[in-house]
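Chains as they are written, first to last, in my numbering: chain S, 1 to 641; chain W, 642 to 1015.
Working notes, beginning with the structure itself.
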Amino acid sequence: MNSHGELPDERAKRARFGRRALAGFALMLAMLLGVAGRFVCLQVFEHAEYSTRAKANRVRLKHLPPPRGLIYDREGRLLADNVPAFRLDVIPDKIKHMDAMLQRLSSIVPLTDDDIQRFKQSLKQHRAFEQVPLKFHLTESERDRFAVNQWQFPGVSIDPYLTRNYPYGAEFAHVIGYVGRIDEKEQAKLDPDLYAGTTHVGKTGLEKEYEKLLHGTPGYELVEVNANQRPLRVLQRVAAKPGKNLYLTIDERLQNAAIAAFDGQTGAAVAIDPRNGDVLAMVTVPSFDPNLFVNGISQADYSALLEDPEKPLLNRAMRGGYPPGSTVKPFIGLGGLELGLRKPTDTVLSTGTYYIPGSSRGYRDDTRYGAGQVDLMQAITQSVNTYFYSLAYQMGIQRFDQWMARFGFGSPTGIDLPDETGGVLPSPEWKRKTFNKPWYPGETVISGIGQGYWMVTPLQLVHALASMAGGGLSHTPHLLAATSDGLKSPEVPHPQPQPVQLTHNPADLDAVKQGMLGVVYNPLGTAYAAGIGKGFPYLIAGKTGTAERYSRKTDAYNTNKNLAYLAERHRAWFICYTPADHPQIAVAVVLEHGAWGGSAAAPIARKMLDQWLADTPPSARPPLPVTAIATQSAERGPHTP
Amino acid sequence: MNELVASFSGRALRIGRRIFSRPRIDLPLAIGLLVLALIGLTVLYSASNLDRSMVLGQAARFVAGALLLLAVSRIPPTLLRAWTPWFYLLSIFLLVVLTVLGEGRGADRWLDLGVVRFQPSELMKLAMPMMVAWYLHPRPLPPRWRDIFAIGILVGIPALLIGKQPDLGTALLVAASGLFVLFLAGLQWWKIGAMLAALAAAAPVAWHFLHDYQRERVLTFLHPENDPLGSGWHIIQSMIAVGSGGVLGKGFHHGTQSKLEFLPEHTTDFIFAVLGEEFGLVGVLVLLLVYAFIVGRCLWIAANARDTYSRLVAGSFGLAFMVYVIVNGGMISGLLPVVGVPLPLVSYGGTSAITLLTGFGVVMSIHAHRKWTP
């Protein structure tokens, strides 16, 4: 075999390989013998046992999908539950001509193209002898009609199942979200064992965020079958373990009151407890009925939602981006104090127009001839632009951004909902990246009044406000308070992230608060005219904001005081918290078409505070204070314009 | 023009005749493969519940594979060696394409080229040992540490790509087929020991990167009673099938486990259990003997090959082939965790059969060109 004239080195290589090949073969044979030994063990020594088991193996495995966890509000109102329904199932193995069968079936139970398309898709995901759902949520008449004709359709059956139901409908559509049929993409990501027999999965909102908690663990049934595979009896049953029930921080009454207060106007409102980050209400108007999506929304309904100019599918509370306008002035004012640029008593002269030193371009105050000499408190109370123009200019955009980012502007708050957006905190880097243009000093100036490229979500703003109200302590906002394994099991508090201390100087926080109290109680305050502090037993600290949607090109703004005209141009904000000394609720309200923050948005916030007051038992509130300002405002009450 | 066509078709005819007229193949190995294919088709016929079209489809793949085998056996190993890096890069490229396109099912191992659908990872089972042998061919043996390091990269990239699909079983087998080359190249025992120790130390780290379902499979293997629904059910049903077969089996098409669909995947990964149930221990031992004969013959051909590359490719291919058998057999008898590894040339599936037969074509070529012939 060996070739002639082989080099000694080549011969050595060959010999070494021969040894190795032999060793490898021996190793493989040993392992093969091990496998063979295992077969001997199974087929000779344990044959009798397995033979018995095979004969007794008339047992089929049936998956029992777990009931999905329920969702409650903080008072135990049921926001998402499971109700019995019926669906049509098909066993593909038993159907000879699928298309012909579907054709005949559709004359008895109407099947849309959507139904059939989805069914054909899920055919691919199941094995031929498994039941494949064809149509969910049959109406009573559909059920009756099919029952009469069932004999014509071997392999098609009506089966009961639990379907998700949202009793409050549109009220919580953007918070709880909805479940829907598992699609191909989701199928790929889900654990096939855990989702055996499950047809629906959380698509949006809390249903998606807490899918793992809500889903539960499937059970199974061992069913004895006869030779024709007909089930005879259930041998063993391991019940499915239902998903965890969720207890939310949200209060249905407050949510409901807020929606009522909007009275159909497009906008959003979020209320947070500054003490712990509990989200008490999270409202987006308009909304939609999540029940439509559970068993497959019809094309017509879906198009209607998509084409609605007010975009009901948009979760404005955490995905709507709005320029914050004057609502950010308290934060900027606080920054001036904390950075040591201003003292509370330092004054700035407002003449109606602000000029960057050495430049002739003017930036306007809201009142034509200015507010005169104002300190921080007056600047917040009257929302004096010049004070904040000059402060922002003094801070410079870098320090300004660092300070605002500390309060969470420009990044998502981290609430336990999917797809939150972080708005925009404009910076020179951001502008270069987005528009490839340099930053102008004028853009720093208008940032001082929350204009320009700046975008915030209502959730972001209320989170920043709650951090300030709560003594500079920032809690991540959250909706899930506790979970439980069932009604009889105790509620287990859901772990929350550690709060972060943002500021350390109570005196500074107090100075800003005085300004925000003035907004509500000082006759010069921007929300005074709306009278939102009137008759409320606790002090409310607030701030209005009116952000322009377009820049002013003509003088029409100064002359045309028509409210409808202004509403078309403005977004109205109001943010507030109460009780001012021991804050328990912070609220942000935005109206997409509001003329002025004080007059349009503030009353909505007040109605929310009223509801909070009605819902909170006196024992859970701080003792009623009688402070100087409260008395003053009460005395002044009759004189308000 | 006509002349050109005539001369071209004449040449093609000559080449075709050269390839097929005088096949210089190793007869014992060819007979072994034929026996194996016939056993495979028989079991598949029963496992598919007498589905003729399925068996014919598989037979057609065997024929296509056999033609490829004959064609490849005519290509000299020197040429195969020169093509090896390109073959390896092509396999990597297809794996990357699969990763990029990899939507749809979670464990997506299929590449759809419109006409044919195939699994690039199966291609890698052949490309891997060829590539490592190509790398080691001009270098001094036994391999030095730096060579081991380079081979680690050559093996690691495809293994990671396949592991990401995620197909852990195939990833490990592909890696093993590359490492067999190192073993056959005479890597010192103490270095093998050191590498094994390093692997053992890395295991907890690897655990961290496993998908949840993969961890679960390993845990299920350790405690099958914890998961009577998923893979645990598969193992139990498979063991019942094999054990109830006894020494002589229940006879062709009389296995209750597979017929009543207790046995999962009974035409693909679990087809060995069908054979065990219907043909008993005798059938199992015959099949294992056929495998052992084929692998032994491969190693014999390797030992008589003319250069390092040929030796390493034929040897490692034979060893890897045996490992597939051992892993599949261990899986269906409950010795090893459930990993998606088919039984070579018996399980239903095109890519695997065609790739394996092409691999045997390479072995045949090595056999045919074993001497310094002009």
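Just so you know, even glycine gets a beta-carbon here, dropped at the ideal spot from N, CA and C.
Inset, instruction - To the nearest angstrom, report how far apart Gln-236 of chain S and Arg-53 of chain S are at their CA atoms. - result: Approximately 16 angstroms, taken between the alpha carbons.
Legend entry - According to DSSP, residues forming a beta bridge with Lys-62 of chain S: Residue pairing for Lys-62 of chain S: DSSP places it in a beta bridge opposite S:Glu-221.
Legend entry - Contact under 8 angstroms by Cβ, Ile-540 of chain S with Ala-481 of chain S: No, the Cβ-Cβ distance between Ile-540 of chain S and Ala-481 of chain S is not below 8 angstroms.
Inset, instruction - Between the Cα of Ala-173 of chain S and those of S:Leu-591, S:Met-282, S:Tyr-389, S:Ala-371, spot the shortest distance and give me the residue it belongs to. - result: Looking at the Cα atoms, S:Met-282 is the closest of the given residues.
Inset, instruction - If I'm right that Ser-599 of chain W touches Val-915 of chain W with Cβ under 8 angstroms, what's the distance once you round it to whole angstroms? - result: Shown here, chain W extends from 642 to 1015; a query on residue 599 of chain W therefore has no answer.
Inset, instruction - Could you tell me the distance, in whole angstroms, from the CA atom of Ile-876 of chain W to the CA atom of Val-925 of chain W? - result: If I take the Cα positions, the gap works out to 18 angstroms.
Inset, instruction - Would you please verify whether the beta carbon of Gly-24 of chain S is less than 8 angstroms from any beta carbon of chain W? - result: Cβ-Cβ to chain W under 8 angstroms: yes for Gly-24 of chain S.
Legend entry - Inter-stretch contact at 8 angstroms, needing at least 3 Cβ pairs: the stretch 996-1005 of chain W / the stretch 838-848 of chain W: Touching, no.
Legend entry - Asp-643 of chain S: first and last residue of the uninterrupted beta strand (DSSP E) it sits in: Past the edges of chain S, shown from 1 to 641, lies residue 643 of chain S, and the structure says nothing about it.
Legend entry - Under 8 angstroms (Cβ pairs) to chain W, residues found in the stretch 38-53 of chain S: If the cut-off is 8 angstroms between Cβ atoms, the stretch 38-53 of chain S has Arg-38, Phe-39, Val-40, Leu-42, Gln-43, Val-44, Glu-46, His-47, Glu-49, Tyr-50, Ser-51, Arg-53 near chain W.
Inset, instruction - Measure the C-alpha to C-alpha separation of Phe-850 of chain W and Leu-809 of chain W and round it to an integer number of angstroms. - result: Whole-angstrom Cα-Cα distance: 11 angstroms.
Inset, instruction - Between the Cα of Asp-375 of chain S and those of S:Val-201, S:Leu-391, S:Arg-361, S:Asp-366, spot the shortest distance and give me the residue it belongs to. - result: Distance from the Cα of Asp-375 of chain S is smallest, within the candidate group S:Val-201, S:Leu-391, S:Arg-361, S:Asp-366, for S:Leu-391.
Inset, instruction - Please compile the residues from chain S whose C-beta is within a distance smaller than 7 angstroms of the C-beta of Asp-853 of chain W. - result: Going along chain S in sequence order, the residues near Asp-853 of chain W (Cβ under 7 angstroms) are Asp-191.
Inset, instruction - Determine whether the Cβ of Gly-18 of chain S lies closer than 8 angstroms to any Cβ atom of chain W. - result: Chain W contact via Cβ: present.
Inset, instruction - Identify, in the order they occur along the chain, each residue of the same chain with its Cβ nearer than 6 angstroms to the Cβ of Ile-182 of chain S, setting aside the five sequence neighbours on each side. - result: Same-chain partners within the cutoff: Val-201.
Inset, instruction - Could you tell me the boundaries of the beta strand (DSSP E) in which Ala-572 of chain S lies? - result: Annotation for Ala-572 of chain S: the continuous beta strand (DSSP E) segment containing it runs 570-578.
Inset, instruction - For the alpha helix (DSSP H) holding Arg-319 of chain S, just list the boundary residues, first then last. - result: That run of the alpha helix (DSSP H) goes 316-319.
Inset, instruction - Determine contact between the stretch 427-447 of chain S and the stretch 463-481 of chain S, defined as no fewer than three beta-carbon pairs at a distance below 8 angstroms. - result: Short answer: they don't touch.
Legend entry - Length-filtered (4 minimum) alpha helix (DSSP H) runs lying within the stretch 662-730 of chain W: Within the stretch 662-730 of chain W, the complete alpha helix (DSSP H) runs of at least 4 residues are 668-688, 693-714.
Inset, instruction - Quick one: which residues of the stretch 670-685 of chain W get their C-beta closer than 7 angstroms to a C-beta of chain S? List them in chain order. - result: Within the stretch 670-685 of chain W, no residue qualifies.
Legend entry - Partner residues on chain S for Met-836 of chain W, Cβ-Cβ distance less than 8 angstroms: Neighbours of Met-836 of chain W on chain S: none; closest Cβ ~16 angstroms, over 8 angstroms.
Inset, instruction - May I ask you to list, following chain order, the residues of the stretch 926-944 of chain W that have a beta carbon less than 7 angstroms from some beta carbon of chain S? - result: Among the residues of the stretch 926-944 of chain W, those with a Cβ less than 7 angstroms away from any Cβ of chain S are Leu-926, Leu-929, Ala-933, Val-936, Gly-937, Leu-940, Ala-943, Ala-944, in the order of the chain.
Legend entry - Option in S:Met-395, S:Ile-176, S:Ala-586, S:Ala-371 with minimal Cα separation from Leu-524 of chain S: Ranking S:Met-395, S:Ile-176, S:Ala-586, S:Ala-371 by CA distance to the CA of Leu-524 of chain S puts S:Ala-371 first.
Legend entry - Enclosing alpha helix (DSSP H) for Val-964 of chain W [first to last residue]: Looking at the DSSP string, the run of the alpha helix (DSSP H) that includes Val-964 of chain W is 949-973.
Legend entry - Assigned secondary structure, Thr-992 of chain W (DSSP; H/G/I helix, E/B strand, else coil): Helix at Thr-992 of chain W.
Inset, instruction - Decide if Val-822 of chain W is buried, meaning its Cβ has at least 16 other Cβ atoms within 10 Å, or exposed. - result: It is buried - the Cβ of Val-822 of chain W has at least 16 other Cβ atoms within 10 Å.
Legend entry - Residue-chain proximity (Thr-999 of chain W, chain S), Cβ-Cβ < 8 angstroms: Taking Cβ atoms only, chain S never reaches closer than 8 angstroms to Thr-999 of chain W, which makes this a no.
Legend entry - Own chain residues within Cβ distance below 7 angstroms of Tyr-161 of chain S, not counting five before or after: The answer, listed in chain order, is Ala-85, Arg-87.
Inset, instruction - Just the chain W side, please: which residues come within less than 7 angstroms of Ala-21 of chain S by C-beta, in chain order? - result: For the C-beta of Ala-21 of chain S, the chain W residues within less than 7 angstroms are, from N- to C-terminus, Leu-825, Leu-940, Ala-943, Ala-944, Gly-956.
Inset, instruction - Mind reading off the beta-carbon distance from Gly-408 of chain S to Ala-466 of chain S? Whole number of angstroms is fine, and I expect it under 8 angstroms. - result: The beta carbons of Gly-408 of chain S and Ala-466 of chain S sit about 10 angstroms from each other, so the pair does not count as a contact at 8 angstroms.
Inset, instruction - Check whether the Cβ of Arg-11 of chain S lies closer than 8 angstroms to any Cβ atom in chain W. - result: Chain W contact via Cβ: absent.
Legend entry - Pair within 8 angstroms by beta-carbon distance, Val-966 of chain W and Tyr-989 of chain W: No, they are not a contact pair.
Inset, instruction - Enumerate in chain order the residues of its own chain whose CB-to-CB distance from Val-756 of chain W is below 8 angstroms, with the five nearest sequence positions on each side excluded. - result: Note that Val-756 of chain W scores a pLDDT of 47, beneath 50, so its modelled location is shaky; the value from the coordinates is reported in the next line. Contacts found: none.
Inset, instruction - Enumerate in chain order the residues of its own chain whose CB-to-CB distance from Phe-703 of chain W is below 7 angstroms, with the five nearest sequence positions on each side excluded. - result: Only Ala-678, Ala-994 meet the Cβ criterion.
Inset, instruction - Return the first residue and the last residue of the beta strand (DSSP E) that Glu-548 of chain S is part of. - result: Annotation: the continuous beta strand (DSSP E) that includes Glu-548 of chain S extends over 541-548.
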